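In what follows, a structure is listed as structure tokens, so that the remarks can point back to it.
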Amino acid sequence: MNTLENNFKIVNEKIAAAAKKSGRSKDDILLLAVSKTVDIDTVEQAIALGQTSFGENRVQEFNRKYEVIGDKADWHIIGRLQSNKVKYIIGKVKLIHSLDSLKLAQEINERSMKMDVVTDALVEINAAKELSKGGIYIENAADFIQKLSVFDNIRIKGLMTVAPFDENPQNNRKYFAQMKNLFVDIKDKNIDNINMSFLSMGMTNDYEVAIEEGSNIVRIGTGLFGERNYSILK
Ligand SMILES: *Cc1c(COP(=O)(O)O)cnc(C)c1O
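Structure representation (structure tokens):
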């Protein structure tokens, strides 16, 4: 078994164990392999191992991979997305995880309308109010999401958060629990065109805790592909 295959095996086993702890099964959790900085060959190897969903955070890098791999994989955009880049991804991505402004929503809606598609998106929440990160604060989320219900060519499918980096993942448990509460609150409001199916939270350092608190999409890069080498992007 090579390193990549072994990493997938370990991560999948840990996902299954954490899912069980929260009364669910591994099939209830989507493993999103975060392939930013990972080369196309390695992504192809991951696909051969049975991995179906990949997350990218740079539009240009995503498009380079999409040109070669296309719809052999499901692509998710997970990073901060600028409005002027939206036109390059519509019709190609399965889910945008980082919707956090009305301006971005307007652009996604308009571009989707032009291409006659409906684009699925998650609302990004900044649970820990970190200034360095995007996302809507928890207390503003319900109002923001209400405003998104008017966009016919966007389908809101849930929430996403990036928890703070912390050596001890237990320190993020409170944020994950707050996210789950918000998710349930918004679901209970039954807002038109707003659907709470996915709760995207947990990365290499904290995905087991996130799953225990109710996550059903984990975004894992380093744990699968090793440390990132940003020089390949140059
Ligand atoms: C890079 C990235 C990840 C993956 O991080 P790892 O710690 O390598 O697992 C997950 N989510 C987002 C939004 C990212 O930018």
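Using the working numbering, read the sequence shown as starting at 838 and increasing by one per residue.
Glycine is no exception: its CB is placed at the ideal position from the N, C-alpha and C atoms.
This one's a predicted model, so the numbers in the text were calculated from it and none came from an experiment.
From the DSSP output, read off the bridge partner residues of residue i.
i      : result
Gly971 : DSSP output for Gly971 lists no bridge partner at all.
Phe891 : Ala870 and Trp912
Glu961 : Met997
Arg992 : Asp957
Ile847 : According to DSSP, Ile847 bridges with nothing at all.
Leu941 : For Leu941, which the question treats as bridged, DSSP gives no partner whatsoever.
Leu841 : Leu841 pairs with nothing; no bridge assigned.
Ile933 : Ile914 and Ala958
Whose C-beta lies closer than 6 Å to the C-beta of residue i among residues of the same chain, with five residues either side of it excluded?
i      : result
Ala855 : Glu1045, Ile1048 and Glu1049
Asp888 : According to the sequence as given, residue 888 is Gln; it is not Asp. Excluding positions up to five away in sequence, the list reads Ala870.
Lys863 : Ile852, Ala853 and Ala856
Gly995 : Leu959, Met1033, Ser1034, Phe1035 and Leu1036
Asp911 : Thr889, Ser890 and Lys931
Can you have a look at residue i and say buried or exposed, based on whether 16 or more other CB atoms are within 10 angstroms of its CB?
i       : result
Gly972  : buried
Glu893  : buried
Glu850  : exposed
Leu939  : exposed
Ala885  : exposed
Asp980  : exposed
Thr998  : buried
Thr1059 : exposed
Gly907  : exposed
Lys966  : exposed
Asn839  : exposed
Glu976  : exposed
Lys857  : exposed
Ile962  : buried
Asp876  : exposed
Tyr1072 : Outside the modelled stretch of the chain, which goes from 838 to 1071, sits residue 1072, for which no answer is possible.
Val848  : buried
Leu968  : exposed
Gly1039 : buried
Met952  : exposed
Val960  : buried
Glu1064 : exposed
Phe1002 : exposed
Lys846  : exposed
Which same chain residues, not among the five before or five after residue i, have their C-beta less than 7 Å away from its C-beta?
i       : result
Leu867  : Ser890, Asn1053 and Ile1054
Ser949  : Ile927, Val955, Thr956, Asn990 and Ile991
Ala942  : Leu936, Leu985, Phe988 and Ile991
Asn900  : Tyr925
Arg1010 : Val1046 and Glu1050
Arg917  : Ser935 and Gly971
Asn1005 : none
Kindly list the residues whose CB is nearer than 8 Å to the CB of residue i, restricted to its own chain and excluding five residues on each side of it in sequence; keep chain order.
i       : result
Gln1015 : Ala964 and Ile975
Ile945  : Val923, Ile927, Ile933, Leu936, Thr956, Ala958, Phe988, Asn990 and Ile991
Ile914  : Gly892, Glu893, Asn894, Val896, Phe899, Ile926, Val930, Leu932, Ile933, His934 and Ser935
Next on the checklist: Which complete beta strand (DSSP E) runs does the segment 1030 to 1064 hold, if anything under 3 residues is left out?
Outcome noted: 1031 to 1037 and 1054 to 1057
Checklist entry - Along the chain, which unbroken stretches of the alpha helix (DSSP H) at least 4 residues long are found entirely within the segment 1000 to 1032? => result 1010 to 1026
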